[in-house]
Structures are given as structure tokens and as C-alpha cells.
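Asks:
Protein chains in written order, with my numbering: chain A, 19 to 715; chain B, 18 to 339.
1) I want to verify the contact list: residues of chain A whose CB lies under 9 Å from the CB of residue 317/B, in sequence order.
2) In whole angstroms, what is the alpha-carbon distance linking residue 222/B and residue 640/A?
3) Going by alpha carbons, who is nearest to residue 60/B out of 51/B, 128/B, 47/B?
4) How is residue 311/A classed by DSSP in three states: helix, strand or coil?
5) With DSSP collapsed to three states, give me the class of residue 107/B.
6) For residue 717/A, is the classification buried or exposed, using 16 other Cβ atoms within 10 angstroms of its Cβ as the cut-off for buried?
7) Would you call residue 262/B buried or exposed, if buried means 16 or more other Cβ atoms sit within 10 Å of its Cβ?
8) Let me check one thing: in DSSP terms, what residues is residue 590/A bridge-paired to?
9) Taking residue 4/A as the reference, give the member of 497/A, 567/A, 472/A, 632/A with the closest Cα.
10) Taking Cβ positions, are residue 276/B and residue 306/B nearer each other than 8 Å?
11) Closer than 8 Å, CB to CB, is residue 84/B near chain A or not?
12) Assuming residue 61/A and residue 159/A make a contact with CB atoms under 8 Å, what is their CB distance in whole Å?
13) Quick check: is the beta carbon of residue 684/A nearer than 8 Å to any beta carbon in chain B?
14) If you count every other CB in all the chains shown that lies within 10 Å of the CB of residue 20/A, and 16 or more means buried, which is it?
15) Please name the residues in the segment 600 to 624 of chain A whose beta-carbon is closer than 8 Å to at least one beta-carbon of chain B, in chain order.
16) Using a Cβ-Cβ cutoff of less than 7 Å, which residues in the same chain neighbour residue 592/A once the five nearest sequence positions on both sides are dropped?
17) Check the Cβ-Cβ distances between residue 7/B and every residue of chain A, and say whether any is below 8 Å.
18) Taking 8 Å as the CB-CB limit, is residue 189/B close to chain A?
19) With a threshold of 8 Å between beta-carbons, can residue 97/B be considered close to chain A, or not?
20) How should residue 234/A be labelled, buried or exposed, when 16 other C-beta atoms within 10 angstroms of its C-beta is the threshold for buried?
21) By the three-class DSSP mapping on this structure, what secondary structure does residue 649/A have?
22) Just to make sure I have the definition right: I need the residues of chain B whose C-beta is within less than 9 Å of the C-beta of residue 292/A. Which are they?
23) If we ignore side chains and look at the alpha-carbon of each, how far apart do residue 491/A and residue 370/A end up?
24) Which bits of chain B does residue 339/A rub up against, with CB to CB less than 7 Å?
25) Is there at least one Cβ from chain B nearer than 8 Å to residue 531/A's Cβ?
26) Answer yes or no: do residue 69/A and residue 54/A have a C-beta to C-beta separation smaller than 8 Å?
27) Tell me the rounded alpha-carbon separation between residue 30/A and residue 75/A.
28) Short of 7 Å Cβ to Cβ, which residues in the segment 563 to 580 of chain A face chain B?
29) Pull up the DSSP beta-bridge partners for residue 198/B, would you.
30) Short of 8 Å in beta carbon distance, which residues of its chain neighbour residue 171/B, apart from the five on each side in sequence? Order them along the chain.
31) For residue 181/A and residue 546/A, what's the separation of their Cα atoms in angstroms?
32) Cutting at 8 Å between CB atoms, please list the residues of its own chain near residue 580/A, excluding the five before and the five after it.
33) Along the alpha helix (DSSP H) that carries residue 619/A, what are the first and last residues, could you check?
34) Taking the straight line between their C-alpha atoms, what separation do you get for residue 528/A and residue 496/A?
35) If you draw a straight line from the C-alpha of residue 18/A to the C-alpha of residue 297/A, how long is it?
36) Determine the contact status of residue 365/A and residue 317/A, defining contact as a CB-CB distance below 8 Å.
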């Protein structure tokens, strides 16, 4: 297919099939958002050329008389022959959606307005009005046939293309409209929207209705075309049930949102461009291509004025070389920062989202400040924003940054001439989530208490459930500013019965830990919105999965050294009485002498810290290198020292031992305990005989 | 026995999770700091858990794991066994059952300032070693004897530390130089040739530390970087004092405030009495403020001092003959 303008109907069917149906969309509804831009993108020719080529191909099958029945006939034959490849109805349906997209672009939704662009999509010279040919009798069957094929025959493995074919209002054009009311590119905006919602990648999203209402609110004060389209899509209108489709679409996008950009049409990964600043004092802006695990190690990128460039992942780092991508003019940089940019590439394109403010954080691997998707509590950041927003950004950040433990001074604003109309604010770090709402330009980078949805914030989550928390680690509840009424807390019983509990805390963010909830299931309701959670005491018996998997120096786990033999074990001896230390004597002579005392300091420490408690000992551990045979203890009656036999071991003597050592003195001069057995007296005599002084005596 | 300190709750959560990525741990630590109105960075809460032998962290890989529950028999504590490692709810229940025995007395001690956020120390005073083994067996916990000796022996010495070559830093970016003479960090104002020694930059989540010598730069660890700088100047920042003979006062090791010990040294010292060091409120006789570890045997002090290039001193301050 090297000459797009001459593609036939089958070529277009295959092209549409390969561009809208793939594994990334498995199990999900496909947004069949065909418009002039999409046709140009997938065909690789101009906007006008793509649409014209498609129209020519469709006309070759249905003629200028709009005989859609011929597509139905072809479909039956195709199915009988095994139904391989693209469904034959795809190009014709694409043309109907193209017409709807042109109508939406004009801002009109009335059915009477649809048939004019529909007719002209096939033949620009068609001046008739009303439904063409057999459109009304055939179109819904074609949509249903494609739905059955994608959902049943293909098992939904490449996505499901379906349309509402039972709409009471405008039933024949509703299927096309529900795919044309948004552009694929509009869904890119949901990335920022999800962040503002405080929704975490992989987390459990709010209900579809809540998502739609929140999106409607977020877009209501924005004037950009994408915002108007999204806002229209969210409007609840009994004559226009597009909002239901919008809810399904939002739920789909929320389910598969992983915090990274995707092509909303194909579901495939889109690469990210990053912004970098090497030095705060000389903030020359640079761009680079970010690597992530969804992308391969090599990509081709089309760079303005520089042409195609081959990029390789820098080993072990999360970026592609060359880094930076090149030098770009100030006006181009200004445009990219504000409006974003998409650079074509193979196997995927790369994009930078335009914004009124970009947040940067230092990256050790690049030795630069680089743009990030969100602020992290406690880390230093910079904000790059237009002059017009500096005051509100500064006034929001300054008090927060000054509260920080590392605050060194006021937040600085750099007006380096190389930044043109942009300013660099910071560095600053914020040590706890702000309770006041961030200005609009920072909202997507930093979540705060109140927001556009009822949600759980923070908490000590455990187990497999997304909303299971440890007792004491309960989250706080961020309230929905769109919902009316105060939040209500319910305990849910085993039978599903709900009992309302008084909620003691107030404010925009309700700290559930202040409610001291017992383990169990709970729900919080505010207006129509509900969030559920479970509180438990614990799950595991000894330690969760992976315990002990990280070892310091390769062998240390906590206080245990793997692979190291036990050094020594203590001997158990009698606890000294009173405040004096007790002597221990071994069989090996004067070198086998040690003292032991009670750790009274520990008793004192216990009293100091806990205000009470008393430790006493009958036995105590002695950490001598020899085995103690004798122990000198004070007698219970008179406080005089006396000898106690611990082990029946004869002296280990080759000759005699000096008499003037502590060991010898203790054995020679200390009387045996009154209750000592006869054998002890005999053994003591043997010890005294090997002491020099005694022998001489 | 429920420990309501921020560190206690963090330890319980980490014990339930078992292991994970740093980002997840940071979020939980942040939540608890907010709940308790605590101004403490997540990695400082993590470091307290690590110092106490509950948790191991690989900062390079940004992963952590909890250690299995361990009963430590420590010299000088009179068979008051220290419980380290994992402490999930159900383990603490079974520990409580296991120590419900006339030959065991369990108690806990809160940590003191400035580490009051750390988990309380849990002890079981056992009648003898057999009782310790019985409690370990009943709770399926490990049983370790004299852990500080093996921890100190496992600690790499200054000479074992391999420095990784790094690109020269931008000294304009929040950089400070470690002054080994007065053991303080100084702002890098000088635009000339940088001095040799240890630098830190507050650019990333944890400060980045670099060693500069002979016109080259290396990445280093804060603790080893500091002790390398101190060794170069012959600065002593550790002092040891023996216990009194009647047991009224324990032996103690004091380390100058603002000097970071390597993780294993810290752990070898905290396990000596199961607690984080206490901090003196006033400068000592030498005009410096110290952090004090109690019940540290002289042998442990010598081993650590030797590995960190610190000449051990006697109680009077003189050098110990090798």
C-alpha cells in the first residue's frame, strides 16, 4: 500500500483494523473516534487526502446512492468464508463517524444536521438532505455485526467496538455520535484530570458517575476546544444519552491508567519527553526522551529541523541518549512548554504535555533538574511557570516551604533572560500534604484535602484489597466539593446491614484515625458518592512476604548474621545479693577470674522511661570465656562473702598457682557456704592445695 | 503491648507487608508523620527501624525488607532478651501467649529524646537460657546470642569501602563541605578550587555525598565519608566509659552529635540495650554534645573504632596501646 490515495475498500478495512484493534485494548471498549486528523495520521497522507481516499473506497462499494445493503451482503459472504481479517463494515462505519465528528466540530448535535455532513463525507457535491439511501434500514445492523464480531468471534481480545443501537433519540445517528463526541487526543487530558482527583495509578477509581461529574466540573471554566468537548460529553441530558457512553469511557481510561501516556485509540504506549535544567543559576532549557519499561531500548524520533534521529537507552538509566535531544529556538521552546508537542517516532511517538507550570526535581543519574508528573513530599523541587502565575505560585509555596524541616530561606524566583516569559521558582520542599488548595497551575502536581471526588487519602494499606487498612493506620477522607451535604460514616455488618456512626471529625479532610474504629467494614457517603474500606488488626503470623530478602553486606538480616557461627553462650550463675558484685572462679587458675553484677542501671532506666517496674534476678548470665566452678556471694544473713560450688571440676594445674592473685585469695580466704555439701569441702581443699601459699604453709 | 508510637505503627505495617519498594514505605511514613504531627523525614523514620534491627534497606535498589522476629540474648542485660525484627499484630499476640509464664516477665520501654518516634523496645526477662529457647520456639522466632559482636565483626572497615568515581558536582547547587576540625557542615561559598574532603548536596531525596581528593570526585556513603575525613585529621569523635562495679551505671559509648555511624555500627550499638541512643542536652566537658549508647562492651568499642579509623581511647582520654 504505497499509494494511499488509491487504496481500495479492503485496504482501508485492514488499515482501520490494525489501527484500532490490538491486544492493548483487550476486554475494553474501543473509542472509534475517526476524524480528519486520525485518517491523516493512520494513512500517512494529508487530512483532506485521508478522508477523500476513504470516501472514494466506500463509494466504490455503496455507490453514490448509499446502498449499505451491499456491505451487509459482503459481510455475510466474508463470514461464511471464515471471517478472517478485518470486518468489511469498518470503512463504512468509519465514514459515518467522520461525518459525526465534523458535525460535533461545528458544535451542533441535531439529527437534521447530521445527514448533510454524512452525505458530503461521501460526495462533497451532494446537496441533498435527509437520510441517504438505505442508511436507516441497514446502519444499526452493521454496528451490531461489528460488535458481535469483535466481542464474540474475536473474544474481545483486540478490544470491543460497540455502539448503543437502542437509543430512543436519534437512533440511527447515535452510534456514530457516541464515537465522535470526543477526539482521541482529548483523552490525553485525563492524565492531568486523574492526578487532580488524587487518583493513584493502579488504585480503585471513583464510580463512573462521580468521574463524569468531576470531569464536568474541572472543564467547566476552561475555554480550550478539548475542554469544551469534554465538558459537553459530561452534560446530563435526557434527550442525549452520550453522557452514559462518556461514563463508560472514563471508567475504561481510569482502569487502565498507569500514570503514563497511552494512545487512546490503540491503547499503545506513548513515549514521554522530559524537560531538563542543568543549573539553577544558568537555567538553559533542554529536552530529552524518557525511557520506561513499556518502551524498547531503541527508538527513532522525528525532530523539528533535525530530522530523524536514532535514540538508544542509556544503560541502567531511565532516559535515551543522545541527551539532550538537540538545540531548539526560544519560540519553539515557549510553544512546547505552553501547548505541548508530539514528535513522531518508531515504534511510538513521544509527547510533552503543555502546561502553565512544569515541576522539576533533581535527577542524580542525569545530574540535572528534570520535569516530573507530581511533587513528592519532602523532596526539593523547582517550578517553571509563566510570569503571570509567579505571584500565586510563590504565595502558595512560601508558607509551606518555610514550615519544612529544611527551610533555609524564602522561595527564590529566577528571572534569567534565557527563560523569556517563564520564571523558575524554588527550590522548595513541602513536608506535608497541604490543607489549602493549590493554585490551578499546580493542582495536577499536588493533591490536597478537598477535591472533585470523595476519596481515601493516605493510610497504612495492607493485603491484596485496595482499601484494606491496619487499625491505627486509617486513611483520611477527602471530601467532594461537588457533592452536597456532610459525610456520613456507616459500619457494615456481615449481613450487609449498615449502622450509622457519629463522625466526630470535621473539615475538608476527615482523619478517620480520630474515630478509633474497630476492625470491620465501613462506608463513607457524601451525597451520591460512596467509598468503602475495611479495617483489620493484621494478616500475617510472623512476617509478610519477602521478609529477610534484603541483607546488609549480603549477610545481615536485622541482628542475625547469616553464615556466621554462634560465638559464645553465657553460663548461668547465681544472682549476686545486695549491691556488690560477685566473683566467678574457673578451674584454670588466676586467669579464670571474673566478676558479675546485676544490671541495676537497667532497673533505673525502666523506672525513668516507664515510671515503674522492678526487675529482680535469681540467676544471671555470665559471659566468661571459662566455665565457672566457684562463685563468691554475700551470705543472706550477715553480708559476709562465702564460696558456692557451681560445677564439680578439679583444678586444672600443672604446678602451683601464685597466692597473691584475686583468684587465689578468694579461694584461700573465703569460707564455704554453710549449706555446701561435703563434696564441696573436699574439692575446695584440692584447690587450696595448688595455691602456692597454702602449700608452703 | 500495642505500640502507638509513629515508629511502632510503621513497624507493624512493614511487618505485615514483609518487603517492598521505598516509594511505598515513604508514603506510609508520611502518613504517620501527618497523623502524629511529627516533623521527621520518612528516611529518618526508616533509619530508626534499621538501627534497631527491625528492617534492612538497600538504598541503591530502593527496596526494603523486614527481618524475621528475633530474640536477642545480650551480655549485660541480665537475660532481658530484646525482641527485634518483624512485629505484626498476630505475632505480638502469640508472643504475649508465649511469655505468659512464671519464668518470664515481659515489658517494654519507650525510646527517649530525640528518638521518641522510634518503636518501643520490647523485652522478655527470662529465668535462664532454656526459657529463652522455649519462648523462641513457641513464637517461631530466631534466637541470637550476643548479636553486637557478630554485627561489629561484619561491618566493613574504612579500607574496605570502594569509592565509585563520579562526575564533578555543580557546587552552585546547595552544596556543603564537611569540616573535620569542628565536625560541622559549611556552605560552599568559595568559587576557587574546592577543598579536599567530603561534600553533600541537598538535591535528591536523601542527600548526595561525594568525596573529593586529588582533583577527582567519588560517590560515598555519609558515615564512611565522615570517618575518612576525621581520620585524615586524627579527630576523635567516640569515647567509651566502663560500667561501675556495683551495676549502678552501665558502660557507655558516646559519639559526637552530627557524626553518622555506618548502619551496622549503629545496629551493633543499639542492640546493646535495645534502644536508640540518648542525647546529652548540654555540651560535655570538652564542649561538644554527644549521643550515648548504653551497655556497650569495651570489645565492641575497640572493634568499631578500629574499623572506622578512630584510635580507641582509655577512660582518661589516652590512646590504647595496640
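Glycine included, each C-beta is placed from N, C-alpha and C at the ideal position.
Just so we're clear, the structure is a prediction, and the values are computed from it rather than from any experiment.
Replies: According to the structure data:
1) Position 300 of the second chain, counted from the first residue, corresponds to residue 317/B. Proximity of chain A to residue 317/B at the Cβ level (cut-off 9 Å) is not reached, the minimal Cβ distance being about 12 Å.
2) To locate residue 222/B, count along the second chain from 1; it is residue 205. To locate residue 640/A, count along the first chain from 1; it is residue 622. Between the alpha carbons of residue 222/B and residue 640/A lies a distance of about 46 Å.
3) Position 43 of the second chain, counting from 1, holds the residue named residue 60/B. That would be 47/B, whose Cα lies nearest to the Cα of residue 60/B.
4) Here residue 311/A is taken as the residue at index 293 of the first chain, counted from 1. Coil.
5) Indexing the second chain from 1 puts residue 107/B at position 90. The three-state secondary structure of residue 107/B, taken from DSSP, is helix.
6) Nothing about residue 717/A can be reported from this structure: the residues present for chain A run from 19 to 715 only.
7) Start at 1 with the first residue of the second chain, and residue 262/B comes out as number 245. The residue in question, residue 262/B, is exposed, as its Cβ has fewer than 16 Cβ neighbours within 10 Å.
8) By one-based count along the first chain, residue 590/A stands at place 572. Paired residues: 639/A.
9) What the structure shows of chain A is the stretch from 19 to 715, and residue 4/A is not part of that stretch, so it cannot be assessed.
10) To locate residue 276/B, count along the second chain from 1; it is residue 259. To locate residue 306/B, count along the second chain from 1; it is residue 289. The answer is no: Cβ separation not under 8 Å.
11) Counting from 1 along the second chain, the entry for residue 84/B is found at position 67. Residue 84/B has a beta carbon lying within less than 8 Å of a beta carbon in chain A.
12) In the first chain, residue 61/A corresponds to position 43, counting from 1. In the first chain, residue 159/A corresponds to position 141, counting from 1. By a beta-carbon distance limit of 8 Å, residue 61/A does not contact residue 159/A. Their separation comes to about 27 Å.
13) Position 666 of the first chain, counted from the start, is the residue given in the question as residue 684/A. So, not an interface residue.
14) Mapped onto the first chain, residue 20/A falls at position 2. The predicted model places residue 20/A with a pLDDT of 47, which falls under 50 and marks its position as unreliable; any figure quoted below should be read in that light. By the neighbour-count definition (other C-beta atoms within 10 Å, threshold 16), residue 20/A is an exposed residue.
15) Going along the segment 600 to 624 of chain A in chain order, one finds 613, 615, 616, 617, 618, 619, 620, 622, 623, 624 with a Cβ nearer than 8 Å to chain B.
16) Within the first chain, numbered from 1, the residue matching residue 592/A stands at position 574. The beta carbon of residue 592/A is closer than 7 Å to those of 637, 649, 651, 662 in its chain, skipping five residues each way along the sequence.
17) There is no way to answer for residue 7/B, as the model of chain B reaches only from 18 to 339.
18) Your numbering for residue 189/B matches position 172 in the second chain. Taking Cβ atoms only, chain A reaches closer than 8 Å to residue 189/B, which makes this a yes.
19) Within the second chain, the letter at position 80 stands for residue 97/B. It does; some Cβ of chain A falls within 8 Å.
20) Here residue 234/A refers to the residue found at position 216 of the first chain. Taking every protein chain shown into account, the CB of residue 234/A has 16 or more other CB atoms within 10 angstroms, so this residue is buried.
21) Residue mapping note: residue 649/A aligns to position 631 of the first chain, counting from 1. In the structure shown, residue 649/A sits in a strand (DSSP, three-state: E or B).
22) Counting from 1 along the first chain, the entry for residue 292/A is found at position 274. Residue 292/A does not reach chain B, its nearest Cβ partner there being about 16 Å away, counting only Cβ pairs nearer than 9 Å.
23) The sequence position of residue 491/A within the first chain is 473, counting from 1. The sequence position of residue 370/A within the first chain is 352, counting from 1. Spanning the two alpha carbons is a distance of roughly 37 Å.
24) Within the first chain, residue 339/A is the residue found at index 321, counting from 1. In chain order: nothing, as chain B lies at least about 15 Å away.
25) Counting from 1 along the first chain, the entry for residue 531/A is found at position 513. Look at residue 531/A: its C-beta is under 8 Å from a C-beta on chain B.
26) For the purposes of this step, residue 69/A is taken as the residue at position 51 of the first chain. For the purposes of this step, residue 54/A is taken as the residue at position 36 of the first chain. Against a cut-off of 8 Å, the Cβ pair of residue 54/A and residue 69/A comes out as a contact.
27) Numbered from its first residue, the first chain carries residue 30/A at position 12. Numbered from its first residue, the first chain carries residue 75/A at position 57. Residue 30/A and residue 75/A: Cα-Cα distance of roughly 7 Å.
28) Listed by position, the residues of the segment 563 to 580 of chain A near chain B (Cβ gap below 7 Å) are 563, 564, 565, 566, 567, 568, 569, 570, 571, 573, 574, 575, 576, 577, 578, 579.
29) Residue numbering aside, residue 198/B sits at position 181 when the second chain is read from its first letter. Residue 198/B pairs with nothing; no bridge assigned.
30) For the purposes of this step, residue 171/B is identified with residue 154 of the second chain, where counting begins at 1. Excluding sequence neighbours, residue 171/B sits near 281.
31) Taking the first residue of the first chain as position 1, residue 181/A is located at position 163. Taking the first residue of the first chain as position 1, residue 546/A is located at position 528. Going from the Cα of residue 181/A to the Cα of residue 546/A covers about 27 Å.
32) To locate residue 580/A, count along the first chain from 1; it is residue 562. If you ignore the 5 residues before and after residue 580/A, its C-beta comes within less than 8 Å of the C-beta of 569, 573, 574, all in its own chain and listed in chain order.
33) For the purposes of this step, residue 619/A is identified with residue 601 of the first chain, where counting begins at 1. Secondary structure note for residue 619/A: its alpha helix (DSSP H) is the uninterrupted segment 618 to 628.
34) Here residue 528/A corresponds to residue number 510 of the first chain, with the count starting at 1. Here residue 496/A corresponds to residue number 478 of the first chain, with the count starting at 1. Between the alpha carbons of residue 528/A and residue 496/A lies a gap of roughly 7 Å.
35) Missing from the structure shown is residue 18/A; chain A here goes from 19 to 715 and no further.
36) Here residue 365/A corresponds to residue number 347 of the first chain, with the count starting at 1. Here residue 317/A corresponds to residue number 299 of the first chain, with the count starting at 1. The beta carbons of residue 365/A and residue 317/A sit closer together than 8 Å.
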